[in-house]
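S.K.: For the protein sequence lines, the chains are A and B, in the order given.
With the numbering used here applied, the first sequence covers 1 to 534.
With the numbering used here applied, the second sequence covers 1 to 113.
Ideal placement from N, C-alpha and C gives every residue a C-beta, glycine not left out.
Everything numeric in this text was worked out from a predicted model, so none of it was measured.
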Amino acid sequence: MSIHLIIAPIVLPLLVAALQLVIGERRRRTVATLSVVSCIALVGVAVALLLAASQQGDGAAMTAVYRLGDWPARFGIVLVLDRLSALMLLLTAVLALAVLPYALAPWRHRGGHFQPLSQFLLMGLNGAFLTGDLFNLFVFFEVLLAASYGLALHGSGPRRVSAGLHYIAVNLTASMLFLIGVSLIFGVTGTLNMAALAELIPRVPARTRALLHAGAALLGVAFLVKAAMWPLGFWLPRTYAASTPAVAAMFALMTKVGIYVLLRLSLLLFGDGAGPASSHFGSGWMLWGGVATVAAGIVGLLGARDLGKLAGYNVAISAGTLLGAIALHQAAVTAGALAYLVISTLGIGAFFLVAGLLASDGDEDTDDTLSLEPYDPGGVDSRSDALFAAEDESRVVLSAPVAILGVCFFACAILLAGLPPLSGFLAKFAMLAPMLDAPQPGARVLFTLIVVAGFCTVIALCRAGIQIFWAEPERTFAQVRVGEIGSVLLLLGLCLLLTVMVEAPLHYLGDAARQIHAPASYIHDVLPAAQVAP
Amino acid sequence: MELVLAIAMGVLVASGVWLLLRPRTFQVIIGLTLISYAVNLFIFSIGGLRTGADPVLHEVAGDIAQYADPLPQALVLTAIVIGFATTALFLVVLLASRGLTGNDHVDGEDGTP
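1. Measure from the alpha carbon of A:T321 to the alpha carbon of each residue in A:A227, A:A242, A:I168 and A:L346, then state which is nearest.
2. Taking 8 Å as the cut-off, does the segment 193-203 of chain A touch the segment 512-530 of chain A (at least 3 CB pairs, one atom from each stretch)?
3. Check the DSSP bridge columns for A:I77 and list the partner residues they point to.
4. Where does B:H105 fall in DSSP's three states?
5. If the criterion is Cβ atoms closer than 8 Å, does the pair A:F425 and A:L432 meet it?
6. Could you have a look at A:T537 and say whether DSSP puts it in helix, strand or coil?
7. Using a C-beta to C-beta distance shorter than 7 Å, which residues of chain A count as neighbours of B:L49?
8. Determine the direct distance from the alpha carbon of A:L104 to that of A:R29, and round the result to whole angstroms.
9. Please report whether the beta-carbon of B:I46 lies at a distance below 8 Å from any beta-carbon of chain A.
10. Put A:R444 into one of helix, strand or coil per three-state DSSP.
11. Excluding the 5 residues flanking A:I23 on each side, which residues of the same chain have their C-beta closer than 8 Å to its C-beta?
12. Can a CB atom of chain B be found closer than 8 Å to the CB of A:P158?
13. Counting only beta-carbon separations shorter than 8 Å, does B:L94 have a partner in chain A?
14. Could you tell me which uninterrupted beta strand (DSSP E) segments, each at least 3 residues in length, are contained entirely in the segment 275-351 of chain A, listed from first to last along the chain?
15. Bridge partners of A:D133, per DSSP?
16. Taking Cβ positions, are A:I326 and A:A337 nearer each other than 8 Å?
17. For chain B, is any of its Cβ atoms less than 8 Å away from the one on A:M176?
18. Quick one: give me the first and last residue of the alpha helix (DSSP H) that A:Y102 is part of.
19. Identify every residue that forms a DSSP beta bridge with B:Y67.
20. If I measure Cβ to Cβ from A:L122 and keep anything under 6 Å in the same chain, skipping five residues before and after, which residues do I get?
21. Is the separation between the beta-carbon of A:L177 and that of A:A222 shorter than 8 Å?
22. Could you tell me whether the Cβ atoms of A:L341 and A:Q440 are closer together than 8 Å?
23. Between the C-alpha atoms of A:H154 and B:I64, what's the straight-line distance to the nearest angstrom?
24. Mind pulling the chain B residues with CB within less than 9 Å of A:V139?
25. Please confirm if the segment 248-258 of chain A is in contact with the segment 164-173 of chain A, defined as three or more CB-CB distances below 8 Å between the two stretches.
26. For chain B, check one thing: does any of its Cβ atoms lie closer than 8 Å to the Cβ of A:A217?
27. So, with DSSP's three-state summary, where would you put B:R24?
28. List the residues of chain B that A:L426 touches, going by C-beta distances under 7 Å, in chain order.
29. Would A:Y340 count as contacting chain B if we go by Cβ distances under 8 Å?
30. With burial defined as no fewer than 16 other Cβ atoms inside 10 Å of the residue's Cβ, what is the status of A:V225: buried or exposed?
31. Kindly indicate which residue of A:A443, A:L405 and A:L310 has the alpha-carbon position closest to the one of A:Q330.
32. So, at 8 Å on beta carbons, what are the nonlocal neighbours of B:W18 in its own chain, with the 5 sequence-adjacent residues on each side left out?
33. Does A:D381 pass the burial test, meaning 16 or more other C-beta atoms within 10 Å, or should it be called exposed?
34. Comparing the C-beta of A:V161 with each C-beta of chain B, is any distance below 8 Å?
35. Can you tell me whether A:W235 is buried or exposed, with buried defined as 16 or more other CB within 10 angstroms of its CB?
36. Taking 8 Å as the CB-CB limit, is B:I35 close to chain A?
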């Protein structure tokens, strides 16, 4: 592998997005082709990087470092590729490619600049996964957030603008906290390179350690806002429910960025090697925060009255589950959590798309999400008008959309609830089985809540499915374009594939978890050996 | 100098947080702007406050400690640019919300009829 391949996931979407902006909205075919080429290339690059990252490790895991401008790591900025970041890159690329047909199919109804914005989002995501430097992390976070602001507002309409306003305000405030945290850490340690920080933290004098912890805690709060931990995540269900389905499916990955950064930083900076005063700093907060998030998600899930919110609370539950699982600092649990992260991202992405298809009625300006019946028995079905849509003759139409949509909905429900036949169960099992061995008292609580959350997901989705598919035989569904259902089938097919071939991915995830749990090799690979810290 | 700067940042953040929690979108954006000013000042000051220190541009013989720390300056520049861009974007959304809902409440609807 050429070392320059590491920067390709950042440069490629940037160039493609710039080109698409220059070409302009009117040449849709060219813009769409560019996006397809870019996404396929990104998947190829991610696979190559994944193979490279997994080959390097025999015994002592290696980390590939790309020095921007060829300055040594303490002075310059580095991109770092290890198994975890390669995994996240591949997940991002696959999700983007799978969502693309859906986003391309109904372009007539959409607002402008969807493709360049999603390419910028990819650039920000890939950059955040690759960077080895806290300030660059801030920059890539802002890139992906700026793109996500545009995407959240995509399609416009009062509901989206109102939800987008909250989303932007919350995230701007979180960015301020991010900056304060970063500058506090810089003030104490004098560096922002993650590896150099990990090396310095055990030697921070007790006098300034409290400041360092305050900085790390502020930084953590900023990520927890992105990861939608319970008191900080109220923006999530509303924003996700209001966005267009393709955007919401991409956003399924956005909470995982927060989780990824928390996982990386908590293990690298505050792992076992951080000295007695700092090791496992904040993990108790993350564990109980995760528990609270799952609990709040269950309540929201059972109370949600439309499909978009239902999916949004599923995002919250999966974020809470991951948050709690990574806070345990057990390599086996982390490996299972990574499997759960992959499956839940793909599953929730597919669920958002299915929810969009069930509600899509050709008129993108109205409410996109399908609302379910309120609980009062005499309730009048107020939304039936919206569901009887004018049909567009020119679409490529499948003959039995209801059957296909029903099967897809069912598959999503099984995946999200973690029931046996599909990979959702395997991932959940891989995470929950080692969780019982964790010494923390909160682990049992988390275990119980995750199992309860699975049951409640079954209840909520069954109820929704019965209302949509069985309760009203006269309901007609909007017709489905091949590209749209293709996206869903692709995502579900991937999950199915991961059900059949479990061995190799789980082996890789185990390696990845062990690698991030042993940060010494990361530090050693990133920092040039000749230089000894002052 | 430290005291003056600390008080200035404290006042900015306090006013910013208060405005951020107000119900009108314009107050929210002014609050965000004030907080971002305070944050920029804060980043600028983390390198240590000194008067008369040389920037790294000048060749000054002697100790490296005589220079002002260039990294916070670079960081604050980036933060200013990004903050400016996101605030501008927020302003656009604010105007769109005003146009679509007809009022300037953050929830898009006034509690009072």
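M.R.: A quick look at the data gives this:
1. Of the candidates A:A227, A:A242, A:I168 and A:L346, the one whose C-alpha sits nearest the C-alpha of A:T321 is A:A227.
2. The segment 512-530 of chain A makes contact with the segment 193-203 of chain A: 3 or more CB pairs, one atom from each, lie closer than 8 Å.
3. Its beta-bridge partners are A:L68.
4. Residue state, collapsed to three classes: strand.
5. Cβ distance not < 8 Å, so A:F425 and A:L432 don't count as in contact.
6. With chain A running from 1 to 534 in the structure shown, residue 537 of chain A is simply not present.
7. The premise fails here: B:L49 is roughly 11 Å from chain A at the closest Cβ pair, so nothing lies under 7 Å.
8. For A:R29 and A:L104, the distance between alpha carbons rounds to 10 Å.
9. At least one beta carbon of chain A lies nearer than 8 Å to the beta carbon of B:I46.
10. Of the three classes helix, strand and coil, the one that applies to A:R444 here is helix, per DSSP.
11. Only T30, V31 and L34 meet the Cβ criterion.
12. Yes, A:P158 lies at the interface with chain B (some Cβ there is under 8 Å from its Cβ).
13. So yes, B:L94 belongs to the interface.
14. If you keep only unbroken beta strand (DSSP E) runs of at least 3 residues inside the segment 275-351 of chain A, you get nothing at all.
15. According to DSSP, which records beta bridges pairwise, A:D133 is partnered with A:N193.
16. The beta carbons of A:I326 and A:A337 sit closer together than 8 Å.
17. Yes, A:M176 lies at the interface with chain B (some Cβ there is under 8 Å from its Cβ).
18. R83 to L104 is the extent of the alpha helix (DSSP H) around A:Y102.
19. B:Y67 pairs with B:D54.
20. Within its own chain, the residues whose Cβ lies closer than 6 Å to the Cβ of A:L122, once the five positions on either side in sequence are excluded, are P13 and A96, listed in chain order.
21. For the 8 Å CB-CB criterion, A:L177 and A:A222 form a contact.
22. Cβ distance not < 8 Å, so A:L341 and A:Q440 don't count as in contact.
23. If you draw a straight line from the Cα of A:H154 to the Cα of B:I64, it is about 51 Å long.
24. From the beta-carbon of A:V139, the residues of chain B found nearer than 9 Å are T78 and I82.
25. Look at the beta carbons and you see the segment 248-258 of chain A not touching the segment 164-173 of chain A: under three pairs across the two are nearer than 8 Å.
26. Answer no: the Cβ-Cβ gap between A:A217 and chain B never drops below 8 Å.
27. Residue state, collapsed to three classes: strand.
28. Those within 7 Å of A:L426 in chain B number zero; the least Cβ separation is about 41 Å.
29. Using a CB distance cut-off of 8 Å, A:Y340 does not count as an interface residue toward chain B.
30. With 16 or more Cβ atoms within 10 Å of its Cβ, A:V225 is classed as buried.
31. The shortest C-alpha separation from A:Q330 is found at A:A443.
32. Taken in chain order, the residues that qualify are G31.
33. The predicted model places A:D381 with a pLDDT of 39, which falls under 50 and marks its position as unreliable; any figure quoted below should be read in that light. Counting Cβ neighbours within 10 Å, A:D381 comes out exposed, since fewer than 16 surround it.
34. So, interface residue.
35. Here A:W235 is buried. Its C-beta has 16 or more other C-beta atoms within 10 Å.
36. Using a Cβ-Cβ cut-off of 8 Å, B:I35 counts as an interface residue toward chain A, since at least one Cβ of chain A sits closer than that to its own.
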